[in-house]
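For the sequence shown, numbering that gives the first Met the number 0 begins at 0 and goes up steadily by one.
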Amino acid sequence: MNAEPRTPPGPGFVAGCTSATWLDVTPAGQTAWLLIGHAPPRRLNETSESIGARLLALADNLGLRAAADRVPHIGRRLLIRHGVVACDYGHDDYLMRVPDTGQAWQQHVIRGGQVLLVVGLDPLPPYQGQQEVDAYLRQATNRHHVLMGATGAR
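In structure tokens:
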């Protein structure tokens with residue numbers, strides 16, 4: 000990643016981001032996951048390259064690193080209020096709303112549980128099931144198109 004973070008993307012780009020959340024049980028305990036990506040280009044001015052550059056800027060501002068590296072702790076980036084989850088992605092004026100997290104996911108985070116925040120650089124269509132998300136992560140990780148960090152709630 001760059002030493003100097005890129006300017007974070009604006010609300011128009013962030014509104015087009017897709018996400019998936021789930022809880023995973025490992026020998027170390029329960030971990031929440033938040034995968035952020037973007038749908039394939041659909042507007043006239045969008046290209047795969049422009050979307051990728053904005054996703055890299057998002058990852059830079061979050062302090063994420065390549066999945067093959069040690070996962071950095073990126074500070075407490077999540078806010079949960081009245082069932083609404085938002086992520087502070089480094090923009091001075093805007094937060095990113097995280098839809099459809101589910102009650103169990105929110106309770107895990109509210110109780111101080113860790114969240115592995117992942118930005119995928121490959122196109123991520125909306126409304127993916129767990130099997131599709133798992134396949135996406137395997138493929139994107141193999142291509143070195145996954146950036147990660149550990150976070151939690153403020």
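We put the beta carbon where it would ideally sit given N, CA and C, even for glycine.
Under the DSSP definition of a beta bridge, valine 118 partners with Ile35, Leu146.
Boundaries of the alpha helix (DSSP H) harbouring alanine 14: 10-14, taken from the DSSP string. The alpha-carbon of leucine 115 is positioned some 18 Å away from that of glutamate 131. For leucine 136, the enclosing alpha helix (DSSP H) stretches over residues 129-141. Annotated three-state conformation of aspartate 59 is helix, per DSSP. Look at histidine 72 here: in three-state DSSP terms it is strand. Here the segment 117-132 makes contact with the segment 31-50; the two share three or more CB pairs at distances below 8 Å.
Sequence-distant partners of proline 124 (beyond 5 residues in either direction) whose C-beta falls short of 8 Å from its own C-beta, in its chain, are Thr17, Ala38, Pro39. As DSSP reads the structure, isoleucine 79 sits in a beta bridge with Val84.
Secondary structure of alanine 52 (DSSP, three-state): helix. Closest in alpha carbon position to arginine 75, among Ala66, Val145, Gly89, is Gly89. Taken atom to atom, the span from the alpha-carbon of threonine 140 to that of arginine 80 is near 32 Å. Taking the CA atoms as reference points, tyrosine 135 sits about 28 Å from glycine 111.
For the pair of segments examined, the segment 67-74 was found not to touch the segment 91-101: the number of CB pairs separated by less than 8 Å stays below three. DSSP links glycine 28 through a beta bridge to Thr25.
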